[in-house]
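Enquirer:
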Amino acid sequence: MLATKNYKFWFCTGSQDLYGDECLEHVAEHSKIIVAKLNESGLLPFEVVWKPTLITNELIRKTFNEANNDEECAGVITWMHTFSPAKSWILGLQEFRKPLLHLHTQFNEEIPYDTIDMDFMNENQSAHGDREYGHIVTRMGIERKVIVGHWSDKVVQERIASWMRTAIGVIESSHIRVMRVADNMRNVAVTEGDKVEAHLKFGWEIDAYPVNEIAESVAAVSAADTNALVEEYYSKYDILLEGRDPEEFKKHVAVQAQIELGFERFLEEKNYHAIVTHFGDLGALQQLPGLAIQRLMEKGYGFGGEGDWKTAAMVRLMKIMTQGVKDAKGTSFMEDYTYNFVKGKEGILQAHMLEVCPSIADGPISIKCQPLSMGDREDPTRLVFTSKEGHGVACSLIDLGNRFRLIINDVDCKKVEKPMPKLPVATNFWVPQPDLYTGAEAWILAGGAHHTAFSYDLTAEQMGDWAAAMSIEAVYIDKDTTIRQFKNELMWNSVFYK
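Position in the sequence shown (first residue = 1) + 543 = the numbering used here.
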C-alpha cells in the first residue's frame, strides 16, 4: 500500500561562459564527482541525478520544465559553482513547480593557500555565485531549502537526506485521497474544516461514502479469506482471553479480520490512501473498526477518528515521508487523553478508543476483546501494547477559518511508571517540550486539536519545511518555547497570514 514512485532528485549546477571551455569542463567534472559521492554516501534515501551545467536562460528554462514533466523527479538541487547571472534563472524559476534545494557549497573544502591564484578564484566562486542566485530566489518569493556546508560533510549529507523526505511529502501530498465513512462527530469543532481549501492548498481529495456501501464490501469477504487472516492474527499476536470463551472470542476477532479485508479492498478499488470512521454511524458494521484500522495504518493508510480527515491525511503524509527509514520506530494517529501532574513525573497519556498503529509498539502486542460504550455494537477486538521510548513530533493541522496552521510539538516518549492492567487500549506516554505546563499552554493558545499525527522518525524541521512548501503557517513548540515569545509569534502570524 505504501509504495511510491522510484523518485530521483536532479543536481543542477550554475555557471556561465565568461572564463572559457576549460573552466566549464572543470565545473562539470566537479559536479559529477559531488553527485557520485553523494550517491555513494549511503545516507541519501533517493538517487541524485547529474544534469549538464546550466549557463543560458534557454537551457535553465528547458531543464526546469523537463523536471516538471518528469514524474520520477521529486525536486531539484541547485548549486552555483561559479558566478551565474541571476536574471538567467528568472523564467526557469517562474515555471518550476517542484521542491527546490539551494546547496550552498563549493568543490574544495579548504583554501589552497600555497597555490591559489586568480584562475582558481575565478573558477571557484560559490561564495559569490550562490549569493547572486539566492538574491533572485528571495526577490521572486520562491520557497526553497538552503543548506550550507561542504558537500562531503556527513551533517550536510544528512540534511540533504532529511530534505528529500520532506520533498517527497510535498510531491505525494497532491496524490492523497481520503475516504470519509460517515461524517464528523456532531458538535465537534476541531475535526471540521474547509475541504475545498484543503484540496487547493495540499492537493487532498476528501470524499464521503455512506457507511453501508463499505459495509457491503465487508460482507462480501469470504469465510475462507477471513479465517486465513484470523490464523495470521493468532500466529502473530498474543491472545488475551481474560475469562472469555475461546470460540466466542475468536468470532469477535473474525469480525475485525473481515472488516480489515473489506475495507482494504474497497480502498484499493477506489484508490484511497486514508480513511476516517465515526462510532456514531456504523450502519451494518458489527463492530467499531479497531484491530482492522490498526492493521491498515501499519500498512501505510492514514486514519483519523470521529471523521477527522485532516489528521488522517497527515498520518498518511507522514507515513510516506518515513518510508524506508532505517530502524524506523513508527508513525500513528494519536489522541491526548489524561495528564499526570505529579511533580517530576509529568506527562500526557496518549491513546484512543481502539485505533493506534502497532508500528510504534514496544514489546509484545496482544489482542483483547472488551466492551465499548460508544457505537452501540458488539464488543470490538483491538491490539493492545505500550509504545517505544524516544523523541518524536506530534503535529496538529487546524483550520482557523481564514488559513491553515500546522502546530508542531517536540515530545519525549517515556515508559509509564506502573502497568495499567484495566486499560484495554494501546498507549503512549509523552512529555511535551519544553515541559508539560508550557507545552500544554502553548498548544491550547495555538488552537491545537486533541488528535495528532505522531512520528518517531520525523523532525520538526521536516514538518515545518513541508508547511512552508504548502504556504501555510507553522508554529513550533520545543525546548526553546516561552509563553511570552509564543504569544507574540501567534500575534505576528495573525497579521502576516491574514
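Idealized CB from N, CA, C, for every residue including glycine.
Note that the structure is a prediction, hence the values are computed from the model and not measured.
1. Alpha carbons only, please: which of Ala1017, Pro977, Leu892, Glu638 is nearest the one belonging to Lys958?
2. Check each candidate in Asp851, Ala835, Pro753, Gln837 and name the one with the smallest Cα separation from His729.
3. Buried or exposed, going by whether 16 or more other CB atoms sit within 10 Å of the CB of Ile654?
4. Over the uninterrupted beta strand (DSSP E) stretch that includes Cys555, give me the two end residues.
5. Does DSSP classify Ser875 as helix, strand or coil?
6. For Phe552, tell me which candidate among Thr625, Leu643, Thr599 has the shortest Cα-Cα distance.
7. If you draw a straight line from the alpha carbon of Gly906 to that of Glu921, how long is it in whole angstroms?
8. Going by the DSSP bridge assignment, what does Tyr980 pair with across the sheet?
9. In this structure, does DSSP put Asp673 in helix, strand or coil?
10. Out of Thr606, Leu602, Met864, Gly672, which has the shortest C-alpha to C-alpha gap to Ile719?
11. Any chance the segment 961-970 sits against the segment 991-1003, with 3 or more Cβ pairs inside 8 Å?
12. Cα separation between Lys641 and Ser1014?
13. If I'm right that Gln1005 touches Ser705 with Cβ under 8 Å, what's the distance once you round it to whole angstroms?
14. If you run the structure through DSSP and keep just helix, strand and coil, what is Ala817?
15. Using only CA atoms, which one of Thr556, Leu636, Thr709 lies nearest to Pro588?
16. Closest to Asn667 by CA distance: which of Ser778, Asn1036, Cys566 is it?
17. Does the beta-carbon distance from Pro923 to Gly847 come in below 8 Å?
18. Need the endpoints of the beta strand (DSSP E) that Lys594 sits in, please.
19. Which word fits Thr854, buried or exposed, when buried means at least 16 other C-beta atoms lie within 10 angstroms of its C-beta?
20. Looking only at DSSP bridge pairs, what is Gln893 linked to?
21. Could you tell me the boundaries of the beta strand (DSSP E) in which Gly635 lies?
22. Could you name each continuous beta strand (DSSP E) segment of 3 residues or more that falls completely within the segment 653-699, going from the start of the chain to the end?
23. Which ranges would you report for the alpha helix (DSSP H) in the segment 743-782 if only whole runs of at least 4 residues count?
Expert: This is what the structure gives:
1. Leu892
2. Correcting the residue type first, residue 729 is Arg in the shown sequence and not His. Ranking Asp851, Ala835, Pro753, Gln837 by Cα distance to Arg729 puts Asp851 first.
3. That one is exposed.
4. 551-557
5. strand
6. Leu643
7. 28 Å
8. According to DSSP, which records beta bridges pairwise, Tyr980 is partnered with nothing at all.
9. helix
10. Met864
11. no
12. 13 Å
13. 6 Å
14. Under the three-state reduction of DSSP output, Ala817 falls in the strand class.
15. Thr709
16. If you compare the alpha carbons of Ser778, Asn1036, Cys566 with that of Asn667, the shortest gap goes to Cys566.
17. No, they are not a contact pair.
18. Here Lys594 belongs to no beta strand (DSSP E), and DSSP marks it neither H nor E.
19. buried
20. Asp879, Asn971
21. Not the beta strand (DSSP E): Gly635 falls in the alpha helix (DSSP H), residues 633-638.
22. 688-691
23. 754-762, 766-779
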